[in-house]
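Here the structure is laid out as C-alpha cells; the discussion comes afterwards.
Chains as they are written, first to last, in our numbering: chain A, 224 to 513; chain B, 112 to 535; chain C, 285 to 598.
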C-alpha cells in the first residue's frame, strides 16, 4: 500500500519535472540541435535567469514568471552578442571544435564564479503566493511549485514550436540547419538567422531560470547537474525536434523521479548521463530526429 | 632555423621556471620582523561555511582590538594572521604550515567547522601546539590530543551529550512518546550526531521507525519527509546543515508532517537568514542552541559584545543577529589570551596546562574543560520557537520567541507539547 | 629538440629546483611547490588528449580523485608504501581512461567531453556513498613518521612530485616526436581524412586517453599523504578541471612545453593569490584569461613567442 502511494507520487512528480526539463532543454535543442553550437554554458545562463528572478523577487516582490518574461528580451540580446563573438572567433575561421568547446566552458566558468562572488554559495529561494501549497488528488499530492513550472514549460515549448513552424524566421532557422547555402539563395542571411536562433536559445534561459528557482533553492554550482540533463534530452528527443524535446524531457523526468524515490536521490544525476549514453549507443538520431 | 627556435623556447622556459619557483618561495618569506604576538588561523571566508566564518572573523577582530586597547598581551600588541580556507579541507595543511613556517605565528587556533579542524590536527599534534578549536563535533575523539580545546559546549562525550538533551526532553513528556524517526545529512557532523542519537535512543527505550541519511546536496526533501510521515513517528529528530534545514522544514509543512515533537540538531535555525525566511513555520520546533537573548543567559559582557558586533555586521553583510557563532569566536580567543597572561609565557605546554586546570570567565559564561579538551559538563540548550507571527527580524533580538526549555538551570519558559499545539 | 638536449635540460631543471629548495628549506615552499608541480603533471596529461588529439576532457577531477582514492584504499587496507600507491593510482586511472574511451570515442568529440563531465559527477556520487573511504565525511590519514632520504615527509613528497613532473613531460615529449604523436596530430587536424589515410584513429585515441588518465591518476596518488584529510568535495574540485584545461591552452597546446609554462605561471600565480586576494576572484581571473587566450591567442604563450621570434628574424 505504501509502495503504491510512493510510486504514484513519484510518477506525478516525474511528469511535472519533465515539463520543466523541457523548458530548460529548449535552448540546447535549438543551439546544438539546429545550429550545431555546443553551448555547454546554457545551464549556467539558466542559473543567471534564476538569480535575476531571485533579486527581482526579493527587492521588488515581483512574481517569478513575470520576471522571466520581462527579462526574455534582455537574454535574447545577450544571446545574439554571444553568438557574434563565437562566430567571429571560431566558426568563421573554421577552427576546430576544441576551441569552441573550451570557449563555452570558459564562459560557463566566468558566469558561475561571478554568481558565486555576487551571491555566495548559500541557497537562494523565492517566495510567491502559490509556492508551498499542495492539492491532493487521491493519494497523490501535487505541489504548485512543481505544477506551475510544468505548465509554463509546456507552454513555452508550444510557443517555440509554433514560432519555428509558422513564422518566416522560424522556418529560416530550420532551413539554415539543413542547408545554409540554399537559404542564402532564398534571400535570407544565414549569419543573421543563426544569430536570431542563438538569441532565442539564450532567451529561453530567462524563463527557465525563473521556473528553476520556483521549484527549489538554487546555488551557482547547480548548473553542472543540468548539463547532462539538457544534452540527454536534446539527444534523446532528436536533434532539433521540439516535440521530441518535450517527450524526451518527460521520459527523463519520470526516470529521475523513480530513481530518486526508490534508490536514493544521489543517483538521480547519474540517470541523465545514463540516458544520454544509452541513447547515443542505441539510437543516436533520437526518438524524433531526422 | 628550427633548432634555434626550440632552444629559445627552452631557455625561456627554464628561466621562467626558476624565476617562478624563486618568486613563490622567496616572496612570502619577505614577511617582515616579529614584534607583536601573532595568532594564526584559517577561516572559511568563502565557500559553504563563509556566512558563519565571516561573522566569526568579525568577533575575533573585535577581540584583537579590545586586547590592543588594553595594552596587548604581556605588554606586546596582538596581531591576528589569517587566510581563507574556502571551506575546503585541502587548503588547511598548506595554510597552517605557512602560518607556522613563514609567518612565524606564536599560536594557532582552528578555523570553523568539523571538516576544517580535522586536517589541522596532524600538524598541531606533530609540533605539539596548543590548539583552541571553534565548533567541531568530536574532532579529538580518536586522537585524544591533550593540546586540543573545544569551545563548543557539547560536553565530555560530544556526540552523545549533544543529542541527549533533545531526546531526554522528549522522553519526559506525557503521554510518553514511543516511536522516533531520525534523519541526517551524510556529512561529518550529522553522522556523528546520528551515532550519538542511536545510543541515547537505546538508553531511553524508544523505538526507531525511520533511520536514514540523505546526500549533502539534496534540494528536494518532499520524498524523504513523505517517507517519514508514512511511518507515523511520535518524535522526529533531524541533524542537518542550514540548506537542508530550510528544505526539511518547508517540506514538512508542505507534506503536513506533525509528530508530537519535531526538531533536534538542525544547524541554521540560529541564523537570521533562516529565522526570517521561515518565520511562523518555526513555531513549535524544539532545537539546540547555545545562546539566546533570554533573561536566564545574561552573562557579563555578552550584551556589549553583541551591540558592537551588530554594528559591524550590517556593513559586512553577515548575520545581523550574531547570536550563534560570534560570541564563541570571541570566547575561544579570550581563553587563549587569559592563559597567556596567566602563565606569563608563550610556551605551548604551559599555556595548555593552564587552560585545562582553570575555569575561565568569558562572555559566554564560565568555561571549564575536561580531559579530552571538551567541556567538562554539557551546556547544550534546547530552545522552542514560540509565538512567532511575522518574519520580522527585530523580534529575535528580544526574549520570548526562542524559549529555553532545557536544562533547568537556564530554563526561561515551558515546553508546549505536542508540536501541533505550538504550531498555530 | 633532440633526446640528449631534452635530458640535459631536464636534469638541469631538477638540480636547480633541488638547490633552490634546500636553500629556502621551508615547509611552506614544499607545500606550495608541490601544488605547482602537480599542475605540471595534470596540464601535461590533459594536453596529450586535448592539445595533441583535439578531444576536450572536462573530467580531470575524476581521474585525479580516482588516483587519490586508490591510494586511500591501499593505505587503509595494507598501509602500502608510496611507490605502490603511485603505480596502482596510475593503473586504475589509466583503465578508467581506457574504459571511457572505449565507450565514447566512437561518438563525436562533443559527446566524449560531456561524458567526461558525467564521469566526474558519477564518480563523486560513488565516493560520497562509500563508507570505507570516508564517504561524504572524509577520512583522516597519518603520514609516515619518517621519510626515506629527506628530513621531512613533505619534502619527500615534493621531490616525488618533481620526479613525476619530469616523467609526465618526458612522456609527452616522447609521444609528440613519435609516430603516435603524428597520428594524433592527424586526428586533431581532420579525423575523417586521417581515417581515410589509414591512421588507426580509434586505437590511437584509446592510447591517448589511457596515458592521459594514467598520468592524472599518478598526480592524484600522493595527494592523500600530502593533505592528510581526504573528502570528496576538495578532491573532485572543479579547479582541477579548469586549471588542467586553462594551463595548456594558455601555455600552448601543440607542444610539450606549453603545459609546463602554463602550469608554472598560472600555478604560482594562484598560490600567491590564495594568500593575498579572495579565492573566488582569483578563479574568475583564470576564467577571463582562459577565454581571452582562446579567442585572441589560441596557440598560447608558446605560439606568441614563436610569432615574435619569427618576426624578429624576418
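Positions of the beta carbon are idealized from the N, C-alpha and C atoms, including for glycine.
Rounded distance between the beta-carbons of residue j and residue i, thought under 8 Å
i: residue 344 of chain B; j: residue 321 of chain B; result: 6 Å
i: residue 543 of chain C; j: residue 327 of chain C; result: 4 Å
i: residue 528 of chain B; j: residue 372 of chain B; result: 7 Å
i: residue 405 of chain C; j: residue 267 of chain A; result: Wrong, their Cβ atoms sit about 15 Å apart, outside the cutoff.
i: residue 315 of chain C; j: residue 395 of chain B; result: Contact doesn't hold; Cβ gap of about 50 Å is too wide.
i: residue 430 of chain B; j: residue 384 of chain B; result: 7 Å
i: residue 490 of chain C; j: residue 382 of chain C; result: 6 Å
i: residue 467 of chain A; j: residue 495 of chain A; result: That belief does not hold up - the Cβ atoms of residue 467 of chain A and residue 495 of chain A are roughly 16 Å apart, past 8 Å.
i: residue 294 of chain C; j: residue 450 of chain C; result: 5 Å
Distance CB(residue i)-CB(residue j) smaller than 7 Å
i: residue 499 of chain B; j: residue 406 of chain B; result: no
i: residue 322 of chain C; j: residue 445 of chain C; result: yes
i: residue 262 of chain A; j: residue 327 of chain A; result: yes
i: residue 485 of chain C; j: residue 492 of chain C; result: no
i: residue 221 of chain B; j: residue 245 of chain B; result: yes
i: residue 197 of chain B; j: residue 158 of chain B; result: yes
i: residue 223 of chain B; j: residue 167 of chain B; result: yes
i: residue 425 of chain A; j: residue 571 of chain C; result: no
i: residue 562 of chain B; j: residue 490 of chain B; result: This structure does not reach residue 562 of chain B, given that chain B is present from 112 up to 535, and the question cannot be answered.
i: residue 347 of chain A; j: residue 437 of chain A; result: no
i: residue 441 of chain A; j: residue 273 of chain A; result: yes
i: residue 352 of chain C; j: residue 504 of chain C; result: yes
i: residue 368 of chain B; j: residue 340 of chain B; result: yes
i: residue 247 of chain B; j: residue 225 of chain B; result: yes
i: residue 518 of chain B; j: residue 404 of chain B; result: no
i: residue 262 of chain C; j: residue 468 of chain C; result: No answer is possible for residue 262 of chain C: it lies beyond the span of chain C, which begins at 285 and ends at 598.
i: residue 409 of chain C; j: residue 376 of chain C; result: no
i: residue 226 of chain A; j: residue 480 of chain A; result: no
i: residue 439 of chain A; j: residue 330 of chain B; result: yes
Those residues which DSSP pairs with residue i across a bridge
i: residue 426 of chain B; result: DSSP output for residue 426 of chain B lists no bridge partner at all.
i: residue 377 of chain B; result: B/351
i: residue 187 of chain B; result: B/184
i: residue 195 of chain B; result: B/154
i: residue 372 of chain B; result: B/346
i: residue 292 of chain B; result: B/321, B/347
i: residue 423 of chain C; result: C/514
i: residue 261 of chain B; result: B/244
i: residue 148 of chain B; result: B/189
i: residue 456 of chain A; result: Answer is none; residue 456 of chain A lacks a bridge partner.
Where residue i sits in the DSSP three-state scheme
i: residue 398 of chain B; result: strand
i: residue 489 of chain C; result: helix
i: residue 368 of chain A; result: helix
i: residue 595 of chain C; result: helix
i: residue 357 of chain A; result: strand
i: residue 471 of chain B; result: strand
i: residue 590 of chain C; result: helix
i: residue 337 of chain C; result: coil
i: residue 310 of chain A; result: helix
i: residue 347 of chain A; result: strand
i: residue 261 of chain A; result: coil
i: residue 298 of chain C; result: helix
i: residue 293 of chain C; result: helix
i: residue 496 of chain B; result: strand
i: residue 363 of chain A; result: strand
i: residue 441 of chain A; result: strand
i: residue 172 of chain B; result: helix
i: residue 287 of chain B; result: coil
Inset, instruction - Tell me the start and end of each unbroken beta strand (DSSP E) in the region 508-532 of chain B that is at least 3 residues and wholly inside, in chain order. - result: Unbroken beta strand (DSSP E) runs of no fewer than 3 residues, entirely contained in the region 508-532 of chain B, are found at 513-517, following chain order.
Legend entry - Unbroken stretches of the beta strand (DSSP E), 3 residues or longer, contained in the region 307-337 of chain B: Within the region 307-337 of chain B, the complete beta strand (DSSP E) runs of at least 3 residues are 318-325.
Inset, instruction - Give, in chain order, every unbroken run of the beta strand (DSSP E) that is at least 3 residues long and sits entirely within the region 343-394 of chain C. - result: Those beta strand (DSSP E) runs which fall completely within the region 343-394 of chain C and span 3+ residues do not exist here.
Legend entry - 4-residue-minimum alpha helix (DSSP H) runs that sit fully inside the region 207-253 of chain B, ordered along the chain: Runs of alpha helix (DSSP H) with 4 or more residues, each lying fully within the region 207-253 of chain B, are found at 225-228, 232-237, listed in chain order.
Legend entry - alpha helix (DSSP H) runs contained entirely in the region 427-493 of chain B, provided each spans 4 or more residues: Listed in chain order, the alpha helix (DSSP H) runs fully inside the region 427-493 of chain B are 437-454, 459-468, counting runs of at least 4 residues.
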